[in-house]
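At position 55 of the sequence shown (counting the first as 1) the number is 416 in the working numbering, and the numbers step up by one without a gap. Here a beta-carbon is modelled for each residue, glycine too, at the ideal position from N, C-alpha and C. Reading through the structure tokens given below for one structure.
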Amino acid sequence: MLTENRLATINKRETSFEGLIGQLENGEDGIYNLLTNDKNIIFQPKISITKQDLEDIEPLRELRKHIEKWEGL
362 MLTENRLATI NKRETSFEGL IGQLENGEDG IYNLLTNDKN IIFQPKISIT KQDLEDIEPL
422 RELRKHIEKW EGL
């Protein structure tokens with residue numbers, strides 16, 4: 362049974378291709394503009410860690426040190 366609240370939830374979480382096309386201003390082209398062939402894109406940060414960040418944040422500095430150690434192996 363679909364209640365009004367359930368329909369509201371379904372509409373907010375619409376993930377079908379047709380549903381997404383309908384929500385984007387430029388339709389199907391908008392979907393293809395969001396896609397990328399680079400599978401590693403999620404691993405590329407939008408912001409960089411600065412030297413100031415490393416100086417100010419001890420756990421970050423330690424993490425960076427361990428990462429560099431593992432990359433050197």
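1) Quick check on the DSSP output: the alpha helix (DSSP H) that includes Glu432 runs from which residue to which?
2) Considering just the uninterrupted stretch of the alpha helix (DSSP H) at Lys407, what are its terminal residues?
3) Would you report the Cα separation of Gly391 and Phe378, rounded to the nearest angstrom?
4) With Glu379 as the anchor, note down where its alpha helix (DSSP H) starts and where it stops.
5) Under three-state DSSP, which class holds Asn387?
With the given structure in hand:
1) In the DSSP annotation of this structure, the continuous segment of the alpha helix (DSSP H) that includes Glu432 starts and ends at Glu419 to Glu432.
2) That residue, Lys407, is in no alpha helix (DSSP H); it is neither H nor E in DSSP.
3) In a straight line, the C-alpha of Gly391 is about 11 Å away from that of Phe378.
4) Per DSSP, Glu379 belongs to the alpha helix (DSSP H) from Phe378 to Gln384.
5) Coil, per DSSP.
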